[in-house]
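To convert a position in the sequence shown, counted from 1, into UniProt numbering, add 2.
The beta-carbon is built from N, C-alpha and C at its ideal position, and this holds for glycine as well.
This report refers to the structure that appears directly beneath it.
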Amino acid sequence: QGEALVIFTPSGKRGLVPVGTPVLDAARRLGVDLDSVCGGRGICSKCQCTPAYGSFPKHGVTVAEGALSPMNAVERRYDEKRGLKPGRRLGCQAQILADVVIDVPPESQLHRQVVRKAAEARAVEMDPATRLVMVEVAEPDMHAPSGDLERLNAALGAQWDVAPATAPLAVLAGLQQALRKGGWQVTVALHQGHSDAAPCLVDVWPGFFEGPLFGLAIDLGSTTIAAHLTDLTTGEVRASAGVMNPQIRFGEDLMSRVSYAMMNPGGAADMTAAVRAALNDLAHGLAAEAGVEPRAIVEAVLVCNPVMHHLALGIDPVELGQAPFALATSDAVEIAAADLGLVSINPAARAYVLPMIAGHVGADAAAVALSEAPEQSDDLVLIVDVGTNAEIILGNRARVLACSSPTGPAFEGAQISAGQRAAPGAIERVRIDPATKEPRFRVIGCDLWSDEPGFAEAVGAGGVTGICGSGIIEAVAEMRMAGLIDASGLVGSAAATGSARVVPEGRTHSYVLHDARASGGPLIAVTQGDIRAIQLAKSALYAGARLLMDRIGVDRVDRVVLAGAFGAHVSPLHAMVLGMIPDVPLDHVRSAGNAAGTGARIALCSRAARRLIEMNVRRIEKVETAIEPRFQEHFVAANALPHAVDPFAELAR
Ligand code: FES
């Protein structure tokens, strides 16, 4: 019979195979990524490929018509019923008869590359933990009694080379009917997580089930919960939504929730129930919005800070409220989604919670590290994610360090006299004219600046209600640039600053941004107390970053990445004027958007990414700011705007 040369593009993999070998088999033998759900039965069409004919000097081969076998009955039937694109063949049916070049289109690649939309586009290889496979199961035999699951597992082993899978009750309950209805052919959703864990059946459908399957990437923050419903074949996000974390009613910030758990019997359980209800509502809403059956959602990936992690998993967070801040586990957690209380998706869906970096640096920071990959960076990158705590990562290929710094909630608008959450009506942008000292601002939900005609109508009946985190940061930075406050953060008097907007407040001064009291509205001013709160928060952030820089032995970083809502809304210039971040050229500061959510999506789509972050988290050097003697020193020096001693040379440019 002889052999024929087969060359696959775009991989370039090549080898000799016996004449008559189906293309799918040749691909498997040569390690070419060609998909198949039906196991070569000519049903799923995932194995489609395109033979190329003619002369290929690059490959040193000429391909003649007839290099592949003509369509057989199975392939013709598929073509008649569902239609193959011109030139396409089913790889499981077409046999190699002579030397041939075969192109594998992206949609036939199981591990297709998905390019991320993030500013720094990196490709992620699709390799989800749960996939569909079709199997033909032996019928029961009176003479050799065995259970349906055991025969299914034997078939999975023989046809897909898979170790025996466990089946939760939810799957077992439907197995017998599916097998008989499908004439002993079924498609199963097979979950293969950690290489050392047994695979697990997530669902079973009679005959061929095409999918697609979906997963939820969840970023569980203390204030908001965001979730992305993601197609597990293409990596595409089909719907996204966010809700407030209902635990807020038990405490604004993390520590107050930990205290609630300490002070109230059953308090932790109440908070667990609240967050789980919100997760279920989110999942339910996303499925409805995307028109996806809840049953098709077979995976969830969760990223969160340590306190949220424990509360979501139903673990009392009391140990996280006191030194030495021991976690129940810092490893990744792989469980049934139902154990996480996620019951509005497939009843046998699986859940994966990213590993924790340390007692204060959670899986959300691990997700940021996964998304930003500092360990692959040649230059030294500082990644800052600010919520109630700042999570700070510094590193490059040589080493990566992480710490968390207690900034408090001032950057989120809390503890600010007119502060509020980022919601319609909140001032989010501020500019102050250095000559006239007059402010103009923008509020969330309105496209106009306050000095533009039609602003009052555009803001609507709700009016201007307060100032949010990015607004107060810009306001203080603008006040500094306009000479309204000095380097120590002190607000000058009206006489000293020449601004009628500066009004006395006790023994200090405030700067009035917006006064609507005449019409029953609020007075929104930046008080001396507000500035002090921002100074404390920014000093903690900067001191944390400096501590990591000390460890590496540098006094500059190459670039800064601002993650999270903070990064998306705070301008690099204003952050630098306040000395929140170390001195770097402004064009070396980048916002990474919701990097934690992106990290969750990457982990959802790729088992390799899960292994990578599990390994990297072990390697990250943890720095505990609370016990570092130099933290206090850095903190005090960072109180000035921008800093008492560190030169902020870039600001002078
Ligand atoms: Fe399913 Fe070819 S492998 S149609």
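(request) Alpha carbon to alpha carbon, how far is A146 from I250? Give it in angstroms, no decimals. (result) 59 Å
(message) Could you compute how far the alpha carbon of R91 sits from the alpha carbon of L372?
(response) 38 Å
(request) Classify H113 as helix, strand or coil using the three-state DSSP reduction. (result) coil
(request) Give a single yes or no on whether R43 has its beta carbon closer than 8 Å to a heavy atom of the ligand FES. (result) yes
(request) Put A120 into one of helix, strand or coil per three-state DSSP. (result) Note that A120 scores 46 on pLDDT, short of 50, meaning its location in the model is unreliable; the coordinates nonetheless yield the value given after this. DSSP places A120 in coil when its eight states are reduced to three.
(request) For the alpha helix (DSSP H) containing Q95, list its first residue and its last residue. (result) Element bounds for Q95: n/a, residue is neither H nor E.
(request) In the DSSP assignment, find the unbroken beta strand (DSSP E) run with E430 in it and report its ends. (result) 428–434
(message) Between the alpha carbons of D143 and I227, how many angstroms are there, rounded?
(response) 52 Å
(request) Would you mind listing the beta strand (DSSP E) stretches within the region 539–600 that are 3+ residues and don't spill past its ends, in chain order? (result) 561–565, 591–593
(request) Quick one: grab the DSSP three-state call for L32. (result) coil
(message) Which of the three DSSP states is assigned to S407 in this structure?
(response) strand
(request) Indicate, with yes or no, if the ligand FES has a heavy atom lying under 8 Å from the CB of V39. (result) yes
(request) Name, in chain order, the residues that DSSP records as bridge partners for L70. (result) I98
(message) So within the region 298–330, which uninterrupted beta strand (DSSP E) runs reach at least 3 residues, ignoring any that extend past its ends?
(response) 299–306
(message) Which residue marks the beginning of the alpha helix (DSSP H) containing R153, and which one marks its end?
(response) 150–162
(request) Identify the continuous alpha helix (DSSP H) that holds R352 and give its terminal residues. (result) Premise fails: R352 lies in the beta strand (DSSP E), 352–355, not in any alpha helix (DSSP H).
(request) Identify the continuous beta strand (DSSP E) that holds R16 and give its terminal residues. (result) 16–20
(request) Report the rounded CA-to-CA distance for F10 versus I469, giving the unit in angstroms. (result) 59 Å
(request) Return the residue from the list R401, G209, P20 that minimises the CA-CA distance to M551. (result) R401
(request) Using three-state DSSP, classify D129 as helix, strand or coil. (result) strand
(request) Identify whether S379 lies in helix, strand or coil by the three-state DSSP scheme. (result) coil
(request) Pull up the distance between the alpha-carbon of L356 and that of A646, whole angstroms please. (result) 39 Å
(request) Alpha carbon to alpha carbon, how far is V39 from C46? Give it in angstroms, no decimals. (result) 6 Å
(request) State buried or exposed for A115, treating a residue as buried only when at least 16 other CB atoms are found within 10 Å of its CB. (result) Inspection of the sequence shows that residue 115 is occupied by Gln rather than by Ala. Counting Cβ neighbours within 10 Å, Q115 comes out exposed, since fewer than 16 surround it.
(request) For residue 698, count neighbouring C-beta atoms within 10 Å of its own C-beta (all shown protein chains included) and say buried if the count is 16 or more, exposed if not. (result) Past the edges of the chain, shown from 3 to 655, lies residue 698, and the structure says nothing about it.
(message) Are there any heavy atoms of the ligand FES lying less than 8 Å away from the beta-carbon of K83, as far as the coordinates show?
(response) no
(message) Quick check: the Cα distance between A66 and D129, rounded to an integer number of angstroms?
(response) 35 Å
(request) Return yes when the Cβ of L222 is within less than 9 Å of the Cβ of L288, no when it is not. (result) no
(request) Indicate whether S472 and V572 have their beta-carbon atoms separated by less than 9 Å. (result) yes
(request) Below 6 Å CB to CB, which residues in the same chain sit around L337 once its five sequence neighbours on both sides are set aside? (result) According to the sequence provided, residue 337 is Ile. The question's Leu does not apply to it. A353.
(request) Determine the direct distance from the alpha carbon of D27 to that of D150, and round the result to whole angstroms. (result) 28 Å
(message) Just to check my reading of the structure: Q50 and G93 have Cβ atoms closer than 8 Å, yes? What is that Cβ distance to the nearest angstrom?
(response) 7 Å
(request) Go ahead and label G421 buried or exposed: buried means 16 or more other beta carbons lie within 10 angstroms of its beta carbon, across all protein chains shown. (result) buried
(request) Use the C-beta contact count for A121: other C-beta atoms within 10 angstroms, 16 or more gives buried, fewer gives exposed. (result) Because the pLDDT of A121 is 41, which lies under 50, any placement of that residue in the model is unreliable, and the number read from its coordinates should be weighed accordingly. Per the 10 Å Cβ criterion, exposed.
(message) I need the straight-line Cα distance from A527 to D589, nearest angstrom please.
(response) 31 Å
(request) Answer with buried or exposed for V556, where buried requires no fewer than 16 other C-beta atoms within 10 angstroms of its C-beta. (result) exposed
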